[in-house]
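Participant: Quick one: the structure is below, and I'll ask about it shortly.
2 protein chains.
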Amino acid sequence: MAARQGREFFAVRRVSEALEGFRPARRTGVERIPLEQGLGRVPAEAIEAGAPLPGFARATVDGYAVRAADTYGASEGMPTYLELSGESAMGQEPEVELRPGGAVAIATGAPVPPRADAVVKVEHTNAASEELIEVLRPVAPGEGLVRADEDAAPGAVLARPGRPLRAHDLGMLAAAGVTTLPACARPTVAIASTGDELVPATTADLGAGQVRDATATALSALVHEAGGVPVFAGIVPDDLDALTGTLRAALAGADVLVVSAGSSVGARDATAAAVAALGEPGIWCHGLALRPGKPTILAECEGVPVIGLPGNPRSALVVFRLVGMPIVRAVGGWSEPPVEPTVRARLARDLPSSTGRLDIVQVELDGDEAVPLFGSSSLLSVLTAADGYLVVPEAATGLAAGSEVEVRLYR
Amino acid sequence: MAARQGREFFAVRRVSEALEGFRPARRTGVERIPLEQGLGRVPAEAIEAGAPLPGFARATVDGYAVRAADTYGASEGMPTYLELSGESAMGQEPEVELRPGGAVAIATGAPVPPRADAVVKVEHTNAASEELIEVLRPVAPGEGLVRADEDAAPGAVLARPGRPLRAHDLGMLAAAGVTTLPACARPTVAIASTGDELVPATTADLGAGQVRDATATALSALVHEAGGVPVFAGIVPDDLDALTGTLRAALAGADVLVVSAGSSVGARDATAAAVAALGEPGIWCHGLALRPGKPTILAECEGVPVIGLPGNPRSALVVFRLVGMPIVRAVGGWSEPPVEPTVRARLARDLPSSTGRLDIVQVELDGDEAVPLFGSSSLLSVLTAADGYLVVPEAATGLAAGSEVEVRLYR
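Protein sequences, first through last, are from chains W and D.
Using numbering that gives the first Met the number 0, the letters of the first sequence map in sequence onto residues 0 to 410.
Using numbering that gives the first Met the number 0, the letters of the second sequence map in sequence onto residues 0 to 410.
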């Protein structure tokens, strides 16, 4: 009963409050990783170009490197004649020099020879003889080429800290000769499950009243998606001592600790008591104004964020997606939250909701209609049938059928 | 010159035509994978529930298991009295039997004892004595519990083929005791780069006119994103025999072959000739009505889809994202394309475009404004500066400043 009374001290918080106000300082260390393992990893510092890129002026068209001034006034009716002196070969220092009134044949990507300041497209020329070309249109300086530092000047930021690397960021780093980079280490996320009814997911034959621990499997996948490394701390019976012991052991090696609590009130109280016993500063909130997901605990114990999830699998996954994944990402150094795919749809039926509470409603998409899926929050099938979910804001008293809603899509 | 003339036989295709019309039949084989490696993997067949889930009727509230009929007429003013006979323990076969006019204490998640058909919430009861409870509200049959097969009936489809598994799908499979599943093998995607100017990305010091192969690094990351396994086939000089040899060798072990062609017209022609020499049915299109990305080759040689990308890194990545990734996914068994995150924004300036051609314009987001980024298609910095891109449709002659556009966001 002590635990149940203790709970009264903690106000139920709004989700927006939790996202803004619960900000554990925990961050992972920095590790050096090979570039080819960089997709989705978070640079720990700005990665700057050491040298100009591409490093030399390059033709961007097939044609002739010229001095732009030599082409002024050229037209189809009155072409300018330039003397051809060799070719700039791909991947080599140009061996030819551009003479005034001259032109050097050049292919897209080849280095522009010294003194040339433009490349005239082959389509705007004619071969007058072996040594002479006609230029039919003038070019301006800089036309038909990229400057030696146009892709990046020395010191230019090629990748910024806090934002996961995208495929083309890796390309840019490769172009700059970056082969390893300092990245925020992936957060280790310990996952403990409690519940006298739970057995490992690998259990082939269930005893009466037993259920497989589905939540830990799904949470592990969400931890992966958030850039973390899940570590399973085991299934603990609904017993305060056992739970405290397991959580304390898990805390030692973890950057984030996640407990999916037992489903009954007593089990949840035991979880709260065990979390409270883990250390300072302790529980930040016990209860979120959220459906499903009210019995959520957010805590910080000995410098490790602790997330106590509701016992129902669906509630646990909703809460972890909404509140847990942002914590894992923050610990892993993400300063820019990822963008979620969304789609606009028309609500197929009325959705009642209580003001002051965020409602997460799973929906199936049927054309441009979002059809809400209902059912007990213990049912995973409501999640697996869903294409995404919608958020009924805290201020709303509900949404009317036909209203336009934004559905956040699962991928 | 033969290659250049040969090219005239191939019409430039629209992107929509290519996406609908170029459908190589290649599919990867089926492999058995452990469930914990299932995130994002594609089930090769429907995975069905073998037994009902949760497997027994479970309480969804803390309270008392009862026969609903025994509570009819109960009210605060006129409670119904039920005789308490023990408790249903979590995770065990209920040892107590429900007698007519009786009640069994039960916690959320515990098995509902035989003959009970509802659970009345503890809040709607009072303890009258040690053996007697007052029920203050009637419950209907099925209230306060989930049925034994409510999450899944035997034979229910838990995961469908062709759709990559999401975190909660893994949870559902875990609940059903699935520990391994048949999945489409990841497609092996061979990547060859051509260009006399290219050196490996690991080259520390560049010679004059040389550039590091940035495209291969970025393409490898996009292959990963599309569920494939990239295999680097090397950098080949712009030489028809060398290229044909390398591509033929790469084709043997690949499910998809990607060639980023040299940037000059001559190098591109060599690529087309080498691809044409690889086998039947050969080149499907040579040229897409796309900017950037026109010089794209789509081919099928000896049963392997072959994608010839433009030589400019930015063009190559735009084309691979638009056309190449869907091919990799299809080969890997995806029948449902992934959803891309998008955001609505207001175009910051006019965008001219030619009708009949798809334009991919990189944009930076500034508040709700989409600011187009311009520059040579050889510049990777245009991509790395972008938050996403917008598609100017084939039918459009351009987009006016201020128009609402949908930006597809990079993650």
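The beta-carbon is built from N, C-alpha and C at its ideal position, and this holds for glycine as well.
#1: If you compare alpha carbons, which of W:Leu131, W:Leu350 and W:Val330 is closest to Val188 of chain W?
#2: Is it buried or exposed, Thr383 of chain W, if we count other Cβ atoms within 10 angstroms and call 16 or more buried?
#3: Could you tell me which of W:Ala275, W:Arg165 and W:Ala248 sits nearest to Arg40 of chain W, measuring between CA atoms?
#4: Cutting at 7 Å between CB atoms, please list the residues of its own chain near Leu378 of chain W, excluding the five before and the five after it.
#5: Would you be able to state if there are at least three C-beta pairs under 8 Å between the segment 60-68 of chain W and the segment 77-91 of chain W?
#6: Measuring straight from C-alpha to C-alpha, what distance separates Gly141 of chain D and Phe55 of chain D?
#7: Between the alpha carbons of Ala225 of chain W and Leu321 of chain W, how many angstroms are there, rounded?
#8: Going by DSSP in three states, Val60 of chain W sits in which element: helix, strand or coil?
#9: Starting from the Cα of Ala58 of chain W, find the closest Cα among W:Ala115, W:Val360 and W:Glu96 and give me that residue.
#10: Comparing alpha-carbon positions, which option in D:Ala68, D:Pro153, D:Ala220 and D:Val198 lies nearest Met324 of chain D?
#11: Taking only beta carbons into account, state which residues of the segment 255-271 of chain W come closer than 8 Å to chain D, listed in chain order.
#12: Since I believe Val406 of chain W is in contact with Ala344 of chain W (beta carbons under 8 Å), could you give me their beta-carbon distance rounded to a whole number of angstroms?
#13: From the DSSP output, in three-state form, read off Arg320 of chain W for me.
#14: Along chain D, in chain order, which residues have C-beta atoms closer than 7 Å to that of Tyr409 of chain W?
#15: For Asn125 of chain W, list the residues DSSP reports as bridge partners.
#16: Would you decide whether Glu149 of chain D is buried or exposed? Buried here means 16 or more other CB atoms lie within 10 Å of its CB.
#17: My assumption, with CB atoms under 8 Å, is that Ser263 of chain D sits in contact with Gly108 of chain W. Please give the rounded CB distance.
#18: CB-CB under 7 Å to Ala24 of chain D, same chain, minus the five flanking residues each way: which ones, in chain order?
#19: On the DSSP bridge assignment, give the partners of Ser87 of chain D in chain order.
#20: In this structure, does DSSP put Leu308 of chain D in helix, strand or coil?
#21: Considering Cα atoms alone, identify which of D:Leu205, D:Thr341, D:Glu133 and D:Ala347 is closest to Ala50 of chain W.
#22: Let me check understanding here. Comparing Cα to Cα, which of D:Ile282, D:Ser380 and D:Gln361 lies closest to Pro291 of chain D?
#23: Less than 8 Å between CB atoms is the rule here; does Glu339 of chain W satisfy it with respect to chain D?
#24: Is the beta carbon of Leu357 of chain W sitting closer than 8 Å to the one on Leu297 of chain W?
#25: Could you tell me whether the segment 266-276 of chain D touches the segment 335-342 of chain D, where touching means 3 or more Cβ pairs closer than 8 Å?
#26: Which of the three DSSP states is assigned to Glu149 of chain D in this structure?
#27: For a quick check, are the C-beta atoms of Asp212 of chain W and Val228 of chain W less than 8 Å apart?
#28: Measuring only the C-alpha atoms, how far is Glu47 of chain W from Ala174 of chain W?
#29: If you follow the beta strand (DSSP E) that Leu408 of chain W is part of, which residue opens it and which one closes it?
#30: So is Phe21 of chain D buried or exposed if we call it buried at 16+ other beta carbons inside 10 Å?
#31: Among all the DSSP beta bridges, which residues are the ones paired with Val391 of chain W?
#32: Any C-beta of chain W sitting closer than 8 Å to the C-beta of Leu378 of chain D?
#33: Would you say Phe55 of chain W reaches chain D, if we count a Cβ-Cβ gap shorter than 8 Å as a contact?
#34: Taking C-alpha atoms, which residue in W:Val121, W:Val134, W:Leu218 and W:Gly176 lies nearest to Pro153 of chain W?
#35: In the DSSP assignment, find the beta strand (DSSP E) that holds Arg162 of chain W and state where it starts and stops.
#36: Taking buried to mean at least 16 other C-beta atoms within 10 Å of its own C-beta, is Gly401 of chain W buried or exposed?
Facilitator: Based on what the coordinates show:
#1: Taking the first sequence and counting its residues from 1, the one referred to as residue 188 of chain W is at position 189. It is W:Val330.
#2: Taking the first sequence and counting its residues from 1, one reaches residue 383 of chain W at position 384. When all chains shown are included, Thr383 of chain W counts as buried.
#3: Position 41 of the first sequence holds residue 40 of chain W. Checking every option, the nearest Cα to that of Arg40 of chain W belongs to W:Arg165.
#4: The residue given as residue 378 of chain W occupies position 379 in the first sequence. So the list reads Arg313, once near-sequence residues are dropped.
#5: Segment contact: the segment 77-91 of chain W against the segment 60-68 of chain W, three or more CB-CB distances shorter than 8 Å; contact assigned.
#6: To locate residue 141 of chain D, count along the second sequence from 1; it is residue 142. To locate residue 55 of chain D, count along the second sequence from 1; it is residue 56. If you take the alpha carbons of Gly141 of chain D and Phe55 of chain D, they lie about 13 Å apart.
#7: Locating residue 225 of chain W in the first sequence gives position 226, where the first residue counts as 1. Locating residue 321 of chain W in the first sequence gives position 322, where the first residue counts as 1. Roughly 12 Å between the two C-alpha positions.
#8: In the first sequence, counting from the first residue as 1, residue 60 of chain W sits at position 61. Note: Val60 of chain W maps to coil in three-state DSSP.
#9: On the first sequence, position 59 is the one that residue 58 of chain W refers to. Per the Cα distances, W:Ala115.
#10: For the purposes of this step, residue 324 of chain D is taken as the residue at position 325 of the second sequence. Checking every option, the nearest Cα to that of Met324 of chain D belongs to D:Ala220.
#11: From the segment 255-271 of chain W, only Gly261, Ser262, Ser263, Val264, Gly265 and Ala266 have a Cβ closer than 8 Å to chain D.
#12: Mapped onto the first sequence, residue 344 of chain W falls at position 345. Mapped onto the first sequence, residue 406 of chain W falls at position 407. Contact holds; Cβ gap of about 5 Å.
#13: Here residue 320 of chain W refers to the residue found at position 321 when the first sequence is read from its first residue. In the structure shown, the three-state DSSP call for Arg320 of chain W is helix.
#14: Numbered from 1 along the first sequence, position 410 holds the residue referred to as residue 409 of chain W. Arg165, listed in chain order.
#15: Locating residue 125 of chain W in the first sequence gives position 126, where the first residue counts as 1. Its beta-bridge partners are W:Glu133.
#16: Translated into the one-based positions of the second sequence, residue 149 of chain D becomes position 150. Here Glu149 of chain D is buried, its C-beta having at least 16 other C-beta atoms within 10 Å.
#17: By one-based count along the second sequence, residue 263 of chain D stands at place 264. By one-based count along the first sequence, residue 108 of chain W stands at place 109. Indeed they touch by this definition, with Cβ atoms about 6 Å apart.
#18: As a first step, residue 24 of chain D is located in the second sequence; it is residue number 25 there, counting from the start. Within the same chain, and ignoring the five residues on either side of Ala24 of chain D in sequence, no residue has its Cβ closer than 7 Å to its Cβ.
#19: Here residue 87 of chain D is taken as the residue at index 88 of the second sequence, counted from 1. The partner list for Ser87 of chain D (beta bridge, DSSP) reads D:Ile105.
#20: Residue mapping note: residue 308 of chain D aligns to position 309 of the second sequence, counting from 1. The three-state reading of DSSP puts Leu308 of chain D in strand, counting E and B together.
#21: Start at 1 with the first residue of the first sequence, and residue 50 of chain W comes out as number 51. Measuring from the Cα of Ala50 of chain W, the nearest candidate turns out to be D:Leu205.
#22: The count along the second sequence starts at 1 and reaches residue 291 of chain D at position 292. The option with the nearest alpha carbon to Pro291 of chain D is D:Gln361.
#23: Counting from one through the first sequence, the residue named residue 339 of chain W turns up at place 340. For Glu339 of chain W, the answer is yes, since a Cβ of chain D falls inside 8 Å of its Cβ.
#24: The count along the first sequence starts at 1 and reaches residue 357 of chain W at position 358. The count along the first sequence starts at 1 and reaches residue 297 of chain W at position 298. Taking 8 Å as the Cβ cut-off, Leu357 of chain W and Leu297 of chain W do not qualify as a contacting pair.
#25: Output reads no: the segment 335-342 of chain D does not touch the segment 266-276 of chain D.
#26: As a first step, residue 149 of chain D must be located in the second sequence, where it is residue number 150. Per DSSP, reduced to three states, the secondary structure at Glu149 of chain D is coil, with no helix or strand assignment.
#27: To locate residue 212 of chain W, count along the first sequence from 1; it is residue 213. To locate residue 228 of chain W, count along the first sequence from 1; it is residue 229. No.
#28: Here residue 47 of chain W is taken as the residue at index 48 of the first sequence, counted from 1. Here residue 174 of chain W is taken as the residue at index 175 of the first sequence, counted from 1. So the alpha carbons of these two residues sit roughly 12 Å apart.
#29: As a position in the first sequence, residue 408 of chain W is number 409, starting the count at 1. Residue range Glu403 to Leu408 is occupied by the beta strand (DSSP E) that includes Leu408 of chain W.
#30: Residue numbering aside, residue 21 of chain D sits at position 22 when the second sequence is read from its first letter. Under the 10 Å beta carbon count, Phe21 of chain D is surrounded by 16 or more other beta carbons and is classified as buried.
#31: Within the first sequence, residue 391 of chain W is the residue found at index 392, counting from 1. For Val391 of chain W, which the question treats as bridged, DSSP gives the partners W:Asp358.
#32: Stepping through the second sequence from its first residue, residue 378 of chain D is reached at position 379. Among the residues facing chain W, Leu378 of chain D is included, as its CB has a counterpart in that chain under 8 Å away.
#33: Here residue 55 of chain W refers to the residue found at position 56 of the first sequence. By the rule that beta-carbons nearer than 8 Å mark a contact, Phe55 of chain W touches chain D.
#34: Within the first sequence, numbered from 1, the residue matching residue 153 of chain W stands at position 154. Shortest Cα-Cα distance from Pro153 of chain W to any of W:Val121, W:Val134, W:Leu218 and W:Gly176 involves W:Gly176.
#35: Within the first sequence, residue 162 of chain W is the residue found at index 163, counting from 1. Boundaries for Arg162 of chain W: no beta strand (DSSP E) harbours it, and the DSSP string shows neither H nor E there.
#36: Residue numbering aside, residue 401 of chain W sits at position 402 when the first sequence is read from its first letter. Gly401 of chain W should be labelled exposed.
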